[in-house]
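**Student:**
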Amino acid sequence: MKIIIRLLAVLVLVFVLPTLVSAGLWATTDRPGRWNEANWGSAGILPRADASPEASVHVFSAMTGGLKGAVASHAWIVTKEKGGAYQRYDKVGWGTPIRRNHRAPDGFWYSNPPRLVVEITGAEAERLIPKIEAAIAGYPHGEPGGYRIYPGPNSNTFVAHVLRSVPELGAVLPPDAVGRDYLDNGGFYALDADSRDLHLSFGGLAGFSLGARSGIEVNFLGLVAGVDFSRPALKVPGFGYVGW
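Heads up, the sequence shown is in our numbering, so the first residue is 7 and it goes up one at a time.
#1: Look up K272 in the DSSP assignment and say whether it is helix, strand or coil.
#2: Helix, strand or coil for L227? Go by DSSP, reduced to three states.
#3: Scan the region 102-167 and note each continuous beta strand (DSSP E) run of 3 residues or more that stays entirely inside, going in chain order.
#4: Can you name the start and end residues of the beta strand (DSSP E) that K88 belongs to?
#5: Could you check what DSSP says for D182 in three-state terms: helix, strand or coil?
#6: Per DSSP, F214 forms a beta bridge with which residues?
#7: Could you tell me which residues DSSP puts in a beta bridge with A248?
#8: What are the boundary residues of the beta strand (DSSP E) that S62 is part of?
#9: What's the gap between the Cα of Y153 and the Cα of H147?
#10: Taking its Cβ as the centre, do 16 or more other Cβ atoms sit within 10 Å of H108, making it buried, or is it exposed?
#11: Have a look at the DSSP bridge pairing and note the partners of Y188.
#12: Tell me, please, whether the region 29-38 touches the region 86-106 by the rule of three or more beta-carbon pairs shorter than 8 Å.
#13: Would you call the CB atoms of P181 and L122 closer than 9 Å?
#14: Within 10 Å of its beta-carbon, does T102 have 16 or more other beta-carbons around it, so buried, or fewer, so exposed?
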C-alpha cells in the first residue's frame with residue numbers, strides 16, 4: 007500500500023502539479039477565441055527562398071490553440087531543395103491528413119510563434135531531403151481517417167516518425183509535443199534507424215525513451231518528464247525544456 011501511495015505522490019508531483027500550474031498561467035493570457043481570429047501568417051523566421059538558394063531542412067513546433075495549448079504543441083517539417091521553394095508538411099485532422107504548403111512555412115499556429123527544433127542547411131540538407139521524403143511517404147497513418155488527436159496518431163506522431171526514420175536530423179520533438187510517443191501502428195517499441203534511441207510505449211498513454219537524442223524520458227498520458235543530456239535541460243510537463 008505504501009508503494010502505491012508513493013507512486014501516486016510521484017505522479018502528482020512530477021506530472022499533475024506542473025500541468026495544473028501551466029494551465030493556470032495559460033488561462034490568464036489573452037488568446038484568440040476561435041481559429042479564424044488567430045494569426046496564421048509568417049513569423050518572419052525564414053528568409054525568402056529566392057534570397058537563400060542553398061538547400062535546407064527545418065522542423066518547427068508551436069503551442070496549439072484553446073486550453074490544450076497550455077500543455078500541447080503542433081509540429082511540422084519544412085524542406086527546400088537547392089534553388090527551390092519551401093515545402094511544408096503537416097498532419098492535420100481533416101481531409102487528407104498529410105498536407106503540403108497549407109500554411110506559411112514559418113507561420114504562426116493559433117497566433118503562437120513557431121520554435122525551431124532543428125535546422126540543417128547546405129550539402130547535408132541536400133543529402134537528407136530524399137530520406138525525409140521517403141519517411142513521409144512511408145508514414146503508416148497518412149490515409150484519410152488516419153488521425154486521432156489523442157493519444158495519437160496525430161500531427162506530432164507524424165513528425166516524430168520522420169525524426170526516428172532519419173536520425174541524422176539529430177533531434178526529438180519537445181516534451182509538449184503530445185502524441186509524439188504514439189509509435190507506428192500503435193506498436194510497443196521502436197528503435198531509431200541508427201539504433202541510438204529506444205522507445206517503449208503502451209499506445210502512447212505511458213512509456214519510456216532512452217538514448218543519445220532522447221536522454222531519459224518517462225511518458226504518462228502524453229505528458230513527458232525527463233532529462234536531456236545533450237542540451238542540457240530538464241523536461242517538465244506543461245513547461246517543456248527547463249534549462250540548467
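Each residue gets a CB set at the ideal place from its N, CA and C atoms; glycine is no exception.
Given the structure is predicted, the values throughout are model-derived calculations rather than measurements.
**Tutor:** Inspection of the coordinates gives the following:
#1: This structure cannot settle anything about residue 272, because the visible part of the chain is limited to 7 through 250.
#2: Reduced to three states, the DSSP call for L227 is coil.
#3: Listed in chain order, the beta strand (DSSP E) runs fully inside the region 102-167 are 104-106 and 121-127, counting runs of at least 3 residues.
#4: If you look at K88, you'll find it isn't in any beta strand (DSSP E); DSSP assigns it neither H nor E.
#5: Correct three-state label for D182: coil.
#6: DSSP lists L206 and V224 as the bridge partner or partners of F214.
#7: For clarity, residue 248 is Val in the given sequence; the question names Ala instead. L240, per the DSSP bridge assignment.
#8: S62 -> beta strand (DSSP E) spans S62 to M69.
#9: Looking at the two C-alpha atoms, the distance is approximately 7 Å.
#10: Looking at its Cβ environment, which holds fewer than 16 other Cβ atoms inside 10 Å, H108 is exposed.
#11: Note: Y188 sits in no beta bridge, so no partner.
#12: The region 29-38 and the region 86-106 do not touch, with fewer than 3 CB-CB distances between them shorter than 8 Å.
#13: Not closer than 9 Å, so no.
#14: Counting every other CB atom within 10 Å of its CB across the protein chains shown gives T102 a total below 16, marking it as exposed.
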